[in-house]
Amino acid sequence: MTKYFTVLLIALLMASCGSSKSTKTTSKRDVITSRTYNKGASRNIVNFAKTFKGTKYKYGGTTRKGMDCSGLVFVAFRKENISLPRVSRNMAKRGKKISPSKANEGDLVFFRTNKNKKTINHVGLVTSTKNGTLQFIHSTTRRGVIISSLDERYWKDAFVEVRTML
1 MTKYFTVLLI ALLMASCGSS KSTKTTSKRD VITSRTYNKG ASRNIVNFAK TFKGTKYKYG
61 GTTRKGMDCS GLVFVAFRKE NISLPRVSRN MAKRGKKISP SKANEGDLVF FRTNKNKKTI
121 NHVGLVTSTK NGTLQFIHST TRRGVIISSL DERYWKDAFV EVRTML
């Protein structure tokens, strides 16, 4: 039993934000893969995500008691009845890949924070692209739900891609 618990604990620590906690969804529509930007829906998604600002990090979390990065994106899109996978690496397989310079509010930005693995394990939601600076809301293990900039060295180095879901 102790051996099982130790292996489980190590697996959880290594998974970072790529949680796979199962969450049932009753979404009415799937993600649209064409580049028809829906400003109203994206603004609603971002505004809802911002209401979680300051929420502490919790692996697998999807509530105000605790939230992980993919949980934040998952619940924000669900609020608009848009179904996304629950895990960041699976989210990165949806939508359409776009250039960061073409990003709009509501697009998703993906990262690989573990340099030893080639798997996407972090996701953020674009909140603005002011003066060519892409800002995104996400949940970090240290500071919880915050807004960061792609210009920050850590995020610039970990950056993989931007995808549009709307």
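Residue 1 is where the sequence shown starts when you use our numbering, and the numbers rise one by one after that. From the three backbone atoms N, C-alpha and C, an ideal C-beta is built for every residue, glycine too. All values derive from a computational prediction rather than experimental measurement.
- Of Met67, Ser139, Leu134 and Met165, the smallest CA-CA separation from arginine 153 is found for Leu134.
- By the neighbour-count criterion, in which 16 or more other beta carbons inside 10 Å mark a residue as buried, arginine 64 falls on the exposed side.
- Our two residues, serine 101 and methionine 165, have alpha carbons roughly 16 Å apart in a direct line.
- When C-alpha distances from lysine 53 are compared across Thr140, Ser42 and Leu150, the shortest belongs to Thr140.
- The Cβ atoms of isoleucine 120 and serine 88 sit closer than 7 Å to each other.
- The beta carbon of valine 160 sits closer than 8 Å to the beta carbons of Ala92, Phe110, Phe111, Arg112 and Ile120 from its chain, once the five residues preceding and following it are set aside; these are given in chain order.
- If you draw a 10 Å sphere on the C-beta of glycine 144, you find 16 or more other C-beta atoms in it, and that means buried.
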